[in-house]
Every structure is written in structure tokens, then in C-alpha cells.
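Numbering of the sequence shown is given in UniProt numbering, commencing with residue 1 and proceeding in unit increments.
Notes to accompany the following structure.
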Amino acid sequence: MSQDPAPDRKPTISDVAALAGVSRAVASRALSSEPRPVAAGKRQRVLEAAQQLGFTPNLLARSLTTRSVNLVAIIVNHIHDLSDLDLFDLLLSEIQTLGKQVILLRVGSVDRVEDFLRSGIAWHVDAVLVFSDFADAATVRRMFDTGMTLMLNGRGDAQSPAVLADEASGIAEAVAHAAARGVRDVVLVTGRATSSVEAVRIDCYRAAFAQHGLRLLQTLQGDYSYDSGHAAGSSLFDAGEPDAVFCTSDAMAMGILDVHRASFTDGRPTRFRLYGFDDLSLTHFDAYPVASIGYAKRDYVREILKILADPGCFSPGMPPVRVPTRFVPRSSAG
Numbered sequence: 001m002s003q004d005p006a007p008d009r010k011p012t013i014s015d016v017a018a019l020a021g022v023s024r025a026v027a028s029r030a031l032s033s034e035p036r037p038v039a040a041g042k043r044q045r046v047l048e049a050a051q052q053l054g055f056t057p058n059l060l061a062r063s064l065t066t067r068s069v070n071l072v073a074i075i076v077n078h079i080h081d082l083s084d085l086d087l088f089d090l091l092l093s094e095i096q097t098l099g100k101q102v103i104l105l106r107v108g109s110v111d112r113v114e115d116f117l118r119s120g121i122a123w124h125v126d127a128v129l130v131f132s133d134f135a136d137a138a139t140v141r142r143m144f145d146t147g148m149t150l151m152l153n154g155r156g157d158a159q160s161p162a163v164l165a166d167e168a169s170g171i172a173e174a175v176a177h178a179a180a181r182g183v184r185d186v187v188l189v190t191g192r193a194t195s196s197v198e199a200v201r202i203d204c205y206r207a208a209f210a211q212h213g214l215r216l217l218q219t220l221q222g223d224y225s226y227d228s229g230h231a232a233g234s235s236l237f238d239a240g241e242p243d244a245v246f247c248t249s250d251a252m253a254m255g256i257l258d259v260h261r262a263s264f265t266d267g268r269p270t271r272f273r274l275y276g277f278d279d280l281s282l283t284h285f286d287a288y289p290v291a292s293i294g295y296a297k298r299d300y301v302r303e304i305l306k307i308l309a310d311p312g313c314f315s316p317g318m319p320p321v322r323v324p325t326r327f328v329p330r331s332s333a334g
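This is how it looks when you write it as C-alpha cells:
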């Protein structure tokens, strides 16, 4: 094998090839994460040479020829909702099993999306997962140099695949549970008004209330966070005494529960029943026994991974993939 490169410069793929006694093309194939043909003996020599030299592949440079950088961009508004923690830890782990890494982009507002466009930034990634409700499919496709834009925020179109929770079934079960226990008057605590997913969720609640003859006393605006639920807790009785409070996130329900702990003896309701949404892992413990609506997060992530692993499974015009929700009874609902 050839001599090591000078100690004052970073090793290159050419140095690895020279040390392994192979061509630069063979060295590149051997170090690729993609299944590319290389004789076993040559691959082993290349791997040993790369380790000896401390060589790390330059993914961005490689992308100029392969058009693949093994990077997935995830666009979010922010990450402070407790439901984000349950989902993203699993999602990032599963994306890494595909040999890809994640770039997390926090948008925060519609203006921020426009800033990206005005700056003329073209992010080169293999795929984009869009959770932010400020970004539509066409805008994201202009922002990124990729053939795969996966919409998870309800703002998709015929040109991009989408995975969405089918929330009507779980909401219908929860409202039926309340009606069967004599609930007649309800309060609804909602999340961000800008979210198209939230708009559909609210419509599902209203339809279920109407179906069971429940009277909606008032709707309180939150933002999915614990703090907004805690703030709403002081206004629950402004329009009358509800038999049940439905929240469109578990975090908001947890905030309300803390304000009204005296109304839940051993977690059970004595004044009103409480329902959340998301089936957070925290609700599995005695401190926050909130009845909830959720979907199997592993099923949801599995559907995302299917599309990432095989983009060809999507054809323009295909309907969104729907992951069903179900009602999870706990003591806060009696």
C-alpha cells in the first residue's frame, strides 16, 4: 500500500484508493451506503485504508454525481408539544435504519417559509417530511431539490404523497363513551386555528356532538401546549357547567387536570369528565390518567418509511394513506 497523506491535510478518496491499491471509482463504490458491486477483497482493503487514514466521506460532494445525500429534511413549526417527543424519537430512529440522517428545520411562521424562498436557498436532500401547518406542498417543492415531498400536515396536493391520521373514528368513540355516561353539555379546547388538520379535527368533534345530541357550551382556543390548557382551565365554566371537557391535545388536558385536581379524586371525575387527544406516553402513568384518542405511532411511522424506502410506490393523484385512530379510556373520563 502507498504512504499515508501528509499529516496536515484531510485524507481524500484518492488517498484511500491509493493506499488500498484500487481505482478511485472502486474506492467510491466500496464506501457507498448503496448496494454497489465491488469484489469482497477490494472492499475490505478500502475499508481498512479508510479506517487507517481517518477518512470520512463527503456526502455533499458525493451528491453531485449520485444525486443522493442520504439526508431527510423534517419541517416543523417548533418542537415544544409533548406529542412531538413521543413521535419524533421513534421517527428519527426508524429513518436512520434506512441509512439516512435528518435535518430538522423549524419554520415557526408563514413569514419564515417566505424567507426561505426569498433567500433562494435550494436544500439538496433525498426527501422532505412536512409537519408544519404553515407550508403547502407546492411551496415545499420549490424550496427543496428533491423528488420526494411527503405531506403530513393536511396541506398536500395530487403531486405529493401524504400520510394522515383518520381521526373521525377515534373521536366518534370518545364522544359516544361520554354520551353513554350521561354527558349532555360539553366544552371543546382546541389547538392552532391555522392548522388544516386541526380544522378537520374540530369538524369531527362537532359532528359527533350533534350525532349524540350534546350541547357545545363554548370553544376555548389553545395551542396544544400544557400552558394553554392550564390557562383555559380558569374559563371552563364561563358559559355554564360542562359535564365533559374535550381537548384536542393531551398536553392541554394535562394543564386543565392540574388546575382542577380537586375535581378528580384518585384521578376520577367528580365534577366533569376530561378527554384528551394524542395518547401521550405520559398519560399511561397515574399522575395524568387522561382518557385519550390516538393512533399507533409505529403504524404511522411504518407508512412514512414505506414511502421513503420506495418512492416509486406513489403515483400522482393517489389519495393520502390513512392511519386509524381509536379511543383509549382512562379514569379521567370515568
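Note that CB positions come from ideal geometry on N, CA and C, so glycine has one too.
Practice item. Please go through the same chain and pick out, in chain order, the residues whose beta-carbon is closer than 6 Å to the beta-carbon of Pro269, but skip the five residues on each side of it. Key: Gly334
**Study point:** Closest residue to Asn153 among Arg271, Ser195, Val22 (Cα-Cα distance)
**Key:** Ser195
Check your understanding: Is the number of C-beta pairs between the region 87-95 and the region 287-306 that are closer than 8 Å three or more?
Key -> Counting C-beta pairs with one atom in each stretch, the region 87-95 and the region 287-306 have three or more that are closer than 8 Å, which means they touch.
Point to revise | Classification of Cys313 by the beta-carbon crowding that lies within 10 angstroms, buried from 16 upward | key: exposed
**Study point:** DSSP-derived helix/strand/coil call for Leu214
**Key:** coil
Review point. What residue range is occupied by the uninterrupted beta strand (DSSP E) comprising Leu150?
Key: 149-151
**Study point:** Counted within 10 angstroms of its Cβ, other Cβ atoms place Ser234 as buried (16 or more) or exposed
**Key:** If you draw a 10 Å sphere on the C-beta of Ser234, you find fewer than 16 other C-beta atoms in it, and that means exposed.
**Study point:** Whole-angstrom distance between Leu257 and Ser225, CA atom to CA atom
**Key:** If you draw a straight line from the Cα of Ser225 to the Cα of Leu257, it comes to about 13 Å.
Review point. Alpha carbon to alpha carbon, what distance is there between Leu214 and Val72?
Key: 44 Å
Practice item. Output the distance between the C-alpha atoms of Asp86 and Ser281, rounded to the nearest integer angstrom. Key: The straight-line gap from Cα to Cα measures roughly 7 Å.
**Study point:** Candidates Ala309, Ser32, Ala39, Val46, of which the one nearest Gly21 by Cα
**Key:** Val46
Check your understanding: How would you label Arg155, buried or exposed, when you count the other beta carbons within 10 angstroms and need 16 or more for buried?
Key -> buried
Point to revise | In chain order, each alpha helix (DSSP H) run of at least 4 residues that lies wholly inside the region 245-304 | key: Counting whole runs of 4 or more residues, the region 245-304 contains the alpha helix (DSSP H) stretches 250-259.
Check your understanding: By a C-beta neighbour count over all protein chains shown, 10 Å radius and 16 as the cutoff for buried, is Phe285 buried or exposed?
Key -> exposed
Review point. Can you tell me the Cα-Cα spacing of Gly222 and Thr190, whole angstroms?
Key: 5 Å
Point to revise | Endpoints, beta strand (DSSP E) assigned at Val72 | key: 71-76
Review point. In its own chain, which residues sit with a C-beta less than 7 Å from the C-beta of Ala138, not counting the 5 before and 5 after it?
Key: Asp157
Practice item. Count the CB pairs spanning the region 317-331 and the region 163-174 that are closer than 8 Å, and state whether there are at least three. Key: yes
Point to revise | Best match in Gly255, Met254, Ala178 for proximity to Pro242 [C-alpha to C-alpha] | key: Ala178
Point to revise | Residue nearest to Val186 in terms of C-alpha spacing, selected from Leu217, Ala253, Ile293, Ser132 | key: When only C-alpha atoms are compared, the closest one is Leu217.
Review point. Using CA coordinates, which residue listed in Arg298, Met148, Val323, Tyr288 is at the minimum distance from Ala309?
Key: Met148
Review point. What's the gap between the Cα of Met318 and the Cα of Leu164?
Key: 13 Å
**Study point:** Own chain, CB closer than 6 Å to Tyr275, minus 5 neighbours either side, in chain order
**Key:** Ala174, Phe246, Ala291, Ala333
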